[in-house]
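Here this note's numbering is used: the first residue of the sequence shown is 1230, the next is one more, and so on.
Worksheet: one structure, shown below.
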Amino acid sequence: FSCGKLIAHAFKPYLEYIEKGESSEMAFKELGLERWCCKRMIVSHVDLIDELLKFPRLQ
1230 FSCGKLIAHA
1240 FKPYLEYIEK
1250 GESSEMAFKE
1260 LGLERWCCKR
1270 MIVSHVDLID
1280 ELLKFPRLQ
């Protein structure tokens, strides 16, 4: 379940906050993410694109 809010723009800044040692809650507050569904989508995202690009495209 998700509210449908666009949050992709917040993923990289969220990672930067976490790398600096900030708490997730502080990062969410700074990014303006208040709803649990938005927080869940950010926290549970697994960035696989770099792994997928290693494989050739099937045609």
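Every residue gets a Cβ at the ideal spot worked out from N, C-alpha and C, and that includes glycine.
Reduced DSSP secondary structure (H/G/I, E/B, other) of Asp1276: coil
Residue range of the alpha helix (DSSP H) that includes Ser1253: 1253–1260
Glu1263, DSSP secondary structure in three states: coil
For Val1272, the nearest candidate out of Cys1232, Ala1239, Glu1280, Lys1234 (CA to CA): Ala1239
Cβ contact check for the region 1274–1282 and the region 1253–1262: 3 or more pairs under 8 angstroms: no
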